[in-house]
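Engineer:
2 protein chains.
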Amino acid sequence: MRPERSDQPRPRSRRLPREVRERQILDAAVEVFAAHGFHTASMDEISETAGISKPMLYAYLGAKDELFVACIRREATRLIEEIGTAVEAGLRPEEQLWRGLRVFFEYVQRNQAAWTVLHRQANAQGEPFVSELVEWRERAMGLIAQLLARATADSAQPMQPEQVEPFAAALVGACEALVDWWFEHPDHTADGMAMRLMNMVWMGFGNLVEGQSWSPKRS
Amino acid sequence: MRPERSDQPRPRSRRLPREVRERQILDAAVEVFAAHGFHTASMDEISETAGISKPMLYAYLGAKDELFVACIRREATRLIEEIGTAVEAGLRPEEQLWRGLRVFFEYVQRNQAAWTVLHRQANAQGEPFVSELVEWRERAMGLIAQLLARATADSAQPMQPEQVEPFAAALVGACEALVDWWFEHPDHTADGMAMRLMNMVWMGFGNLVEGQSWSPKRS
């Protein structure tokens with residue numbers, strides 16, 4: 001059993017607030033998991049990278065599998081919050097989608113290790129991490145479905161929940177698959193990746209085969 | 001070590017060609033893996049369902065993990081071949097995409113157990129199955145990229161490999177995510193699902209928010 005919170009060991013050198021310490025641990029854990037994969041990653045290396053003793057590491061965030069789940073949660077929350085903040089209610093639908101996609105690809109660029117943990121490691125390690133990830137993907141889809149419904153609320157044909165949900169699911173799947181492609185072709189910029197997806201889902205192949213394409217100048 | 005091919009046990013009751021026997025085994029394995037998951041699925045149940053002795057099951061397709069990889073390969077090959085056949089070279093791009101998407105969703109509808117093995121089980125079980133799946137997804141993306149390049153070859157702005165590849169990746173991701181949604185909302189038809197994706201990727205949100213939508217009558 002782990003000790004009660006009040007009995008937990010305190011940081012050795014400096015007394016840091018719990019949130020700060022947990023952030024340091026999670027930053028270190030994301031880095032180590034991304035570099036070595038869940039199985040090979042060692043709690044020794046995570047505690048060294050975080051500059052914290054191993055007993056304290058366990059006391060703060062638990063065993064390796066609990067720590068991995070905490071990484072998934074932290075990164076998924078961050079990403080969803082960043083998208084939610086970027087997509088302001090007053091903007092035109094086109095601008096909302098463009099901003100949402102840019103923020104997504106910029107997040108992935110800035111947090112490649114986090115994305116590797118979220119997407120590749122969590123899938124490759126199987127359960128219980130896949131279920132955790134599925135739950136977070138559903139939250140992301142819910143947010144995007146809301147945004148799509150709001151974006152068409154004033155249009156001639158407002159979309160109903162049942163119409164926007166599958167679009168949101170497809171869009172999330174498209175984003176994830178496109179990031180996999182991006183990791184294999186890292187020369188492209190975050191803006192360039194967001195633009196590809198704008199061309200596909202805003203413009204549509206129908207326009208593309210006729211030689212029309214989307215660019216940020218339009219927005 | 002497994003015996004050489006010439007030493008392998010023969011079917012008890014009837015002498016069936018090796019391909020027929022393997023097909024029976026794979027059909028049974030897909031069914032059992034989909035129902036119970038990789039870990040819980042037993043070789044006993046697979047051999048019973050296939051109507052074959054357990055030693056023969058091992059002799060034909062190896063241990064459980066090899067059998068699972070064989071299931072992934074068989075189903076992925078089938079799906080890719082069906083799409084390749086449906087999308088004839090002479091058709092207009094719009095019709096090609098519509099047919100490709102319909103064949104995909106019809107395959108999933110007819111082979112729900114196979115899809116569950118391919119997509120959910122393989123991901124949930126981690127390595128080495130995830131790598132096997134990634135390889136097959138890349139083949140699917142390659143086929144779709146070829147189709148997209150061919151579809152725009154005669155247009156004003158033919159798309160280059162570097163342009164079509166990310167679209168193909170995004171489209172595969174969108175299809176997979178949409179199937180997940182479909183499994184949660186099984187009332188929809190395969191045609192209905194294909195139409196949703198046509199609206200998203202052929203028509204584009206830009207047209208949708210203006211009240212335009214795609215229907216098979218157009219094609």
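Respectively, the protein sequence lines represent chains V and W.
If you're matching positions, the first sequence starts at 1 in the UniProt record's numbering and goes up one per residue.
If you're matching positions, the second sequence starts at 1 in the UniProt record's numbering and goes up one per residue.
From the three backbone atoms N, C-alpha and C, an ideal C-beta is built for every residue, glycine too.
#1: Classify W:S154 as helix, strand or coil using the three-state DSSP reduction.
#2: Roughly how many angstroms lie between the CA atoms of V:G211 and V:P17, to the nearest whole one?
#3: Taking three-plus beta-carbon pairs below 8 Å as touching, is the region 46 to 54 of chain V in contact with the region 161 to 177 of chain V?
#4: With 16 other CB atoms within 10 Å as the buried threshold, where does V:G206 fall?
#5: Exposed or buried, which one is V:H119 when buried takes at least 16 other CB atoms within 10 Å?
#6: Does DSSP classify W:M159 as helix, strand or coil?
#7: Taking one C-beta from the region 129 to 140 of chain V and one from the region 127 to 143 of chain W each time, how about it: are there three or more such pairs within less than 8 Å?
#8: Should the region 61 to 78 of chain V be called in touch with the region 27 to 43 of chain V, which here means at least 3 C-beta pairs below 8 Å?
#9: Taking the straight line between their C-alpha atoms, what separation do you get for W:M203 and W:M195?
#10: Starting from V:K54, trace the alpha helix (DSSP H) in both directions and tell me its first and last residue.
#11: Just confirm the distance between the C-beta atoms of V:L67 and V:A29, as a whole number of angstroms; I'd bet it's less than 8 Å.
#12: For a test of the three-state rule: what should DSSP assign to V:R23, helix, strand or coil?
#13: At the 8 Å Cβ level, is W:S6 part of the contact set with chain V, yes or no?
#14: Less than 8 Å between CB atoms is the rule here; does W:A194 satisfy it with respect to chain V?
#15: Just reading off the alpha helix (DSSP H) that W:A76 is part of, what are its end residues?
#16: Terminal residues of the continuous alpha helix (DSSP H) containing W:S47?
#17: Let's see if you can read the secondary structure: which residues bound the alpha helix (DSSP H) around V:P93?
#18: If we define contact as Cβ-Cβ less than 8 Å, is V:P93 a contact residue for chain W?
#19: With distances taken between CB atoms, is the gap from W:W181 to V:A169 smaller than 8 Å?
#20: Near W:L171, what residues of its chain come up, given a Cβ to Cβ distance below 7 Å and the 5 sequence neighbours on each side ignored?
#21: So, helix, strand or coil for V:P186, using DSSP?
#22: May I have the straight-line CA-CA distance separating W:E19 from W:R73, to the nearest angstrom?
#23: Residues of chain V with CB closer than 8 Å to the CB of W:A156, please, in chain order.
#24: Going by alpha carbons, who is nearest to V:E82 out of V:V103, V:L91, V:E94, V:V69?
#25: Leaving out the 5 sequence neighbours to the left and right, which residues in its chain are closer than 7 Å to residue 224 of chain W when beta-carbon positions are compared?
#26: Kindly indicate if chain V contains any beta-carbon less than 8 Å away from that of W:R2.
#27: Residues in its own chain within less than 7 Å of W:F167 by CB, not counting five upstream and five downstream?
#28: What number of angstroms, rounded off, separates the C-alpha of W:R15 from the C-alpha of W:V179?
#29: Could you tell me the alpha carbon to alpha carbon distance between W:E176 and V:E48, rounded to whole angstroms?
#30: Excluding the 5 residues preceding and the 5 following V:E22 in the sequence, name in chain order all residues of the same chain whose CB lies nearer than 7 Å to its CB.
#31: In three-state DSSP terms, what is V:V209?
#32: Got a sec: is the Cβ-Cβ distance from W:G90 to anything in chain V below 8 Å?
#33: Hey, is V:F167's beta-carbon within less than 8 Å of any beta-carbon in chain A?
#34: To the nearest angstrom, how far is it from the Cα of V:H185 to the Cα of V:F105?
#35: Would you say V:A50 and V:V117 are within 8 Å of each other, going by their C-beta atoms?
Structural biologist: The short version:
#1: As a position in the second sequence, residue 154 of chain W is number 154, starting the count at 1. Strictly speaking, residue 154 of chain W in this sequence is Asp, with Ser absent from that position. Three-state DSSP puts W:D154 in coil, outside helix and strand.
#2: Working through the first sequence from its first residue, we reach residue 211 of chain V at position 211. Working through the first sequence from its first residue, we reach residue 17 of chain V at position 17. Roughly 57 Å between the two C-alpha positions.
#3: no
#4: Counting from 1 along the first sequence, the entry for residue 206 of chain V is found at position 206. Classification of V:G206: buried, given that the 10 Å Cβ count is 16 or more.
#5: On the first sequence, residue 119 of chain V is found 119 positions in, with the first residue counted as 1. When all chains shown are included, V:H119 counts as buried.
#6: Taking the second sequence and counting its residues from 1, one reaches residue 159 of chain W at position 159. Correct three-state label for W:M159: coil.
#7: no
#8: yes
#9: If you number the second sequence from 1, residue 203 of chain W lands on position 203. If you number the second sequence from 1, residue 195 of chain W lands on position 195. Roughly 10 Å between the two C-alpha positions.
#10: In the first sequence, counting from the first residue as 1, residue 54 of chain V sits at position 54. From DSSP, the alpha helix (DSSP H) with V:K54 extends over 54 to 61.
#11: Looking up residue 67 of chain V in the first sequence gives position 67. Looking up residue 29 of chain V in the first sequence gives position 29. About 5 Å; that satisfies the 8 Å criterion.
#12: Start at 1 with the first residue of the first sequence, and residue 23 of chain V comes out as number 23. Note: V:R23 maps to helix in three-state DSSP.
#13: Walking along the second sequence from the start, residue 6 of chain W turns up at place 6. Caution applies to W:S6, whose pLDDT of 48 falls short of 50 and renders its modelled position unreliable; the value that the coordinates give is listed next. No - not a single Cβ of chain V is within 8 Å of the one on W:S6.
#14: As a position in the second sequence, residue 194 of chain W is number 194, starting the count at 1. Judged by the 8 Å Cβ criterion, W:A194 is not in contact with chain V.
#15: For the purposes of this step, residue 76 of chain W is taken as residue 76 along the second sequence, with counting starting at 1. That run of the alpha helix (DSSP H) goes 64 to 86.
#16: Start at 1 with the first residue of the second sequence, and residue 47 of chain W comes out as number 47. Unbroken alpha helix (DSSP H) run through W:S47: 43 to 50.
#17: Residue 93 of chain V sits at position 93 when you count from the first residue of the first sequence. Counting along the chain, the alpha helix (DSSP H) containing V:P93 begins and ends at 93 to 110.
#18: Working through the first sequence from its first residue, we reach residue 93 of chain V at position 93. Yes - at least one Cβ of chain W is within 8 Å of the one on V:P93.
#19: As a position in the second sequence, residue 181 of chain W is number 181, starting the count at 1. As a position in the first sequence, residue 169 of chain V is number 169, starting the count at 1. Contact flag set, yes.
#20: As a first step, residue 171 of chain W must be located in the second sequence, where it is residue number 171. Excluding residues within five positions, the ones whose Cβ falls inside 7 Å are I144, V201.
#21: In the first sequence, the residue the question calls residue 186 of chain V occupies position 186. It is coil, neither helix nor strand.
#22: Position 19 of the second sequence holds residue 19 of chain W. Position 73 of the second sequence holds residue 73 of chain W. For W:E19 and W:R73, the distance between alpha carbons rounds to 15 Å.
#23: Indexing the second sequence from 1 puts residue 156 of chain W at position 156. Per Cβ cutoff of 8 Å: E210, G211.
#24: Here residue 82 of chain V is taken as the residue at index 82 of the first sequence, counted from 1. Selected option, being the one with the closest Cα: V:V103.
#25: Residue 224 of chain W cannot be examined here, being either before or after the span of chain W that is shown, 1 to 219.
#26: For this step, residue 2 of chain W is matched to residue 2 along the second sequence. Because the pLDDT of W:R2 is 44, which lies under 50, any placement of that residue in the model is unreliable, and the number read from its coordinates should be weighed accordingly. Cβ-Cβ to chain V under 8 Å: no for W:R2.
#27: Your numbering for residue 167 of chain W matches position 167 in the second sequence. Excluding residues within five positions, the ones whose Cβ falls inside 7 Å are L148.
#28: Residue 15 of chain W sits at position 15 when you count from the first residue of the second sequence. Residue 179 of chain W sits at position 179 when you count from the first residue of the second sequence. Looking at the two C-alpha atoms, the distance is approximately 39 Å.
#29: Mapped onto the second sequence, residue 176 of chain W falls at position 176. Mapped onto the first sequence, residue 48 of chain V falls at position 48. Computed Cα separation, rounded: 40 Å.
#30: Within the first sequence, the letter at position 22 stands for residue 22 of chain V. For V:E22, where only same-chain residues beyond five positions count, the Cβ hits under 7 Å are Y60, L61.
#31: Counting from one through the first sequence, the residue named residue 209 of chain V turns up at place 209. Residue state, collapsed to three classes: coil.
#32: The residue you call residue 90 of chain W lines up with position 90 of the second sequence. Not closer than 8 Å to any Cβ of chain V, the Cβ of W:G90 fails to qualify, so no.
#33: Looking for chain A here will not work: the only protein chains present are V and W.
#34: Against the first sequence, residue 185 of chain V aligns to sequence position 185. Against the first sequence, residue 105 of chain V aligns to sequence position 105. When rounded, the distance between both Cα atoms is 14 Å.
#35: Sequence index remark: in the first sequence, residue 50 of chain V carries index 50 (1-based). Sequence index remark: in the first sequence, residue 117 of chain V carries index 117 (1-based). The answer is no: Cβ separation not under 8 Å.
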